[in-house]
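What follows is one structure encoded as structure tokens, with my remarks underneath.
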Amino acid sequence: MIDKIRYGGDYNPEQWPEPVWDDDHRLFDRARIDTLTVGVFSWSLTQPGEDIYDFTILDRILDRAAAENRRVCLATGTAALPPWLARRHPEVNRTDFEGRRHRYGQRHNFCPSSPAYRRLSTAMAARLAERYADHPALLAWHINNEYSGACYCELCAEAFRDWLLDRHGTLDALNDAWCTTFWSHRYTDWAEIEPPSALTEHWRGPDHTAFQGLTLDYHRFTTDALLGCFLAEKEAIRRHDAVTPVTTNFMGMFRPLDYHRWASHLDFASWDSYPPLDAPPTWPALAHDLMRGLKDGAPFWLMEQTPSTMACRDVNPLRRPGELRLATFQAIAHGADAALYFQMRASRGACEKYHGAVIGHAGRDDTRVFREVAELGRELELLGETTLGARTPARTALLFDWDSWWALEMSDGPSRLVKYQDVVHAYYRAAREAGADVDVVPVTADLTPYDVVLAPVLHMVKDDLVTRLEAVTARGGTVLATFLSGRVDVHDRAFLTDVPGPLAPLMGVRVDEWDARQPEFAQTVRFGELACEARLVFELVQLRGATPIGTYGTDFYAGTPAVTRNKTGRGEAWYVATALDRPGVDWVVRRILARHGLLGPYADRPEVETATRVAPDGTRLLFVLNHDSEAVQLTATASSIDLLTGKRVEEHDPFTLDPVGVAILRLN
Ligand code: GLA
Ligand code: ZN
């Protein structure tokens with residue numbers, strides 16, 4: 331067992347002749363690659379026909395890995411169907427949102443309710459586990475790949491009705507939950523219920539639905555249906571292998587699936603990081619923290635990232651020198667215990683032939699990308715086990731809730747322009763740039779470790795959340811909520827009380843009206859001397875115990891509160907009634923963090939990211955990451971050793987971070 335950050339990536343040697351494998355392993359040694367994700371797309375190879383299994387090549391891949399002292403994250407390979415399967419059992423092909431039954435092609439497109447898919451995918455998982463459970467190379471199981479998407483076939487419609495029966499119990503309860511008296515939808519038979527699609531309740535795509543309660547339940551059903559596929563494979567593996575950890579690779583902030591419903595079923599979380607073009611560094615950071623939050627702060631694997639460029643976007647820019655290193659240390663700073671690539675060697679053909687790889691088509695080790703990968707391999711070896719199992723000692727929590735995301739973005743009114751991720755990211759970014767470590771947690775999380783709880787656009791409020799938020803302020807903590815929070819219950823029904831619903835007493839406000847405007851329109855919001863801008867939605871706030879902190883500048887509600895603070899218990903509840911711009915969000919979040927002494931040492935340098943991890947032996951590690959292309963001069967806040975350079979820095983000493991540079995300071 332190697333006690334260090336796992337380093338490697340997706341490896342598909344079945345795509346090229348065996349002599350090339352020799353080159354691969356030679357180059358892997360050079361880059362200190364110790365982990366290979368194998369078999370992600372090998373179903374048609376390992377099962378060329380319904381009754382024919384052939385593990386000859388996979389055996390060789392694993393044996394070779396073991397002989398070379400490398401470990402394997404073994405995929406069950408059930409994300410891309412073999413052609414014979416789709417031909418023989420057409421039910422495995424999905425029916426799309428428009429009602430079209432697909433034919434064979436692509437990947438990630440099996441019907442989750444198909445009995446043939448269930449039978450054959452679990453049979454494959456079982457055979458692999460039976461064969462490789464005791465293989466010396468086996469390190470982890472990787473079920474399927476990037477589960478995604480929904481199916482609208484008859485089998486899924488039937489499964490949905492069963493799921494509804496289970497969830498609602500009676501048709502009366504379901505009619506009540508979905509408000510079916512509206513537009514004459516009262517169901518009298520379960521068989522009348524249709525999946526919400528372009529043929530039924532939707533117009534203009536998946537976010538425009540006549541019945542939000544129905545569509546919301548279909549999102550939950552789809553999450554559970556795909557989870558059912560995962561669990562069936564996991565159970566098949568566990569019949570032969572009781573111990574090897576099992577995961578599946580997630581996609582960070584991925585709207586279609588509620589990963590919080592999956593989390594308890596994974597042995598460890600893993601995810602693939604492909605940030606949107608031009609995303610600020612806080613975007614992947616937010617996704618890392620969300621993934622770390624899946625398993626109560628336990629380390630996760632960065633299962634995929636590109637070493638250089640992607641292929642699936644219209645325009646695929648290159649990672650600049652140093653950017654891969656910076657992104658990798660950022661993942662480690664946020665809790666990754668493995669740093670893996672897609673992909674180790676580039677495919678020769680098909681749609682990913684131009685996707686970046688550690689080894690390109692020419693098989694060279696003197697490319698810039700290979701050199702950067704190898705140098706990073708050296709640094710990770712240097713770090714050894716120091717960061718393994720380390721935890722983030724965050725005092726700030728940010729609530730992330732798929733139900734609220736779905737409910738908000740499928741809602742007609744007040745504005746289609748408010749995007750859940752944008753608002754959540756705005757508050758996350760403000761807290762991170764001010765230097766606070768942030769746990770991104772589900773609404774069911776234990777909130778007792780936190781001084782500050784940020785709850786942006788918490789559209790849906792359910793269960794005992796409000797009681798737990800009130801406990802935060804009662805013991806002196808601060809809770810922040812924003813516009814469009816506390817609007818609907820678990821079935822997307824409006825609360826029959828003042829807005830923001832069950833949050834209203836905590837916030838000390840009442841909202842009767844809200845205005846939405848085109849994005850060109852900027853309202854001003856004043857906080858004493860500071861004026862900032864706000865856009866999209868403006869809630870009109872009446873004070874019910876809270877005091878105004880910021881006020882609107884124009885229109886008939888000029889002078890009324892836009893940001894309020896309610897002193898309650900020993901703490902505070904802040905309500906932000908509009909989408910403030912960056913300086914506005916920064917101002918609010920920094921006020922809150924300052925009250926709890928949570929501003930970081932470099933809060934005045936937004937391009938400098940800090941993150942703390944505490945190793946199992948209590949060692950505190952401060953990651954300092956320079957996201958700028960210029961060097962930065964900083965002053966050390968404690969005496970420490972930079973683990974990457976071995977240099978000692980004393981308290982108050984100046985130190986320099988190179989452009990896109992990293993320091994990992996072990997604090998004394
Ligand atoms: C995803 C998949 C990989 C590959 C990469 C390309 O993450 O899991 O198989 O397609 O994207 O970026
Ligand atoms: Zn289906």
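Each residue of the sequence shown is one higher than the one before, counting from 331 in our numbering. Every residue gets a Cβ at the ideal spot worked out from N, C-alpha and C, and that includes glycine.
Cβ-Cβ distance between residue i and residue j below 8 Å
i: LEU1073; j: VAL782; result: Here the chain has residues from 331 to 998 only, and residue 1073 is not among them.
i: HIS595; j: PRO772; result: no
i: VAL402; j: ASN475; result: no
i: ASP597; j: HIS664; result: no
i: ARG336; j: ALA766; result: no
i: VAL855; j: TYR887; result: no
i: PRO629; j: VAL944; result: no
i: ALA811; j: ALA785; result: yes
i: SER451; j: CYS481; result: no
i: VAL871; j: VAL839; result: yes
i: VAL754; j: LEU738; result: no
i: TYR780; j: ARG725; result: yes
i: LEU366; j: GLY407; result: no
i: PRO989; j: SER959; result: yes
i: TYR604; j: MET640; result: yes
i: ASP769; j: GLY991; result: no
i: GLU981; j: ALA993; result: no
i: HIS789; j: VAL818; result: yes
As assigned by DSSP and simplified to three states, the class of residue i
i: SER970; result: strand
i: SER959; result: coil
i: CYS481; result: coil
i: ILE523; result: coil
i: GLU476; result: coil
i: PHE672; result: coil
i: ASN505; result: helix
i: PHE551; result: helix
i: ASP769; result: strand
i: HIS755; result: helix
i: CYS559; result: helix
i: HIS532; result: strand
i: ASP389; result: helix
i: GLN345; result: helix
i: ALA801; result: helix
i: GLN853; result: strand
i: ARG394; result: helix
i: CYS642; result: coil
CA-to-CA distance, residue j to residue i, given in whole angstroms
i: GLU428; j: CYS509; result: 25 Å
i: ALA540; j: PRO525; result: 12 Å
i: ASP842; j: LEU495; result: 36 Å
i: LEU1003; j: THR553; result: Any answer about residue 1003 is impossible in this case: the structure gives the chain only from 331 up to 998.
i: ASP519; j: LEU501; result: 8 Å
i: HIS438; j: ALA409; result: 5 Å
i: PRO878; j: LEU860; result: 14 Å
i: VAL906; j: VAL893; result: 4 Å
i: ARG497; j: ALA507; result: 11 Å
i: ASP845; j: GLN751; result: 21 Å
i: ASP393; j: ALA467; result: 7 Å
i: ALA961; j: ARG805; result: 42 Å
i: LEU529; j: ALA555; result: 21 Å
i: HIS691; j: LEU997; result: 44 Å
Delimiting residues of the alpha helix (DSSP H) encompassing residue i
i: ASN896; result: Not the alpha helix (DSSP H): ASN896 falls in the beta strand (DSSP E), residues 891-898.
i: TYR447; result: 445-462
i: PRO614; result: 612-622
i: ARG701; result: 698-713
i: PRO807; result: The sequence as given places Gly at residue 807; Pro does not occur at that position. It is not in any alpha helix (DSSP H) - GLY807 carries neither H nor E in the DSSP assignment.
i: GLY914; result: 912-925
i: GLU653; result: 653-663
i: ARG417; result: 413-418
Beta strand (DSSP E) segment containing residue i, residue limits
i: GLY339; result: 336-341
i: GLU859; result: Run containing GLU859: none; DSSP gives neither H nor E here.
i: PHE996; result: Reading off the sequence, residue 996 comes out as Arg, not Phe. From DSSP, the beta strand (DSSP E) with ARG996 extends over 992-997.
i: MET633; result: 630-634
i: GLU939; result: 938-944
i: PHE985; result: 984-987
i: LEU718; result: Neither: LEU718 is in no beta strand (DSSP E) and is coded neither H nor E.
i: ASP733; result: Per DSSP, ASP733 belongs to no beta strand (DSSP E); it is in the alpha helix (DSSP H), 732-739.
i: LEU375; result: Counting along the chain, LEU375 falls outside any beta strand (DSSP E), though it belongs to the alpha helix (DSSP H) covering 373-376.
Neighbour flag for residue i against chain C, beta carbons, 8 Å
i: THR511; result: Looking at the structure shown, chain C is missing, and only one protein chain is on hand.
Residue i beta carbon near the ligand MG (any heavy atom closer than 7 Å)
i: GLU682; result: The model on display carries the ligand GLA and the ligand ZN but not the ligand MG.
Output the residues surrounding the ligand ZN, defined as those with a CB atom closer than 7 Å to any ligand heavy atom, in chain order. Going along the chain, the residues that qualify are ARG424, THR425, CYS441, PRO442, SER443, SER444, CYS481, TYR482, CYS483, LEU485, CYS486.
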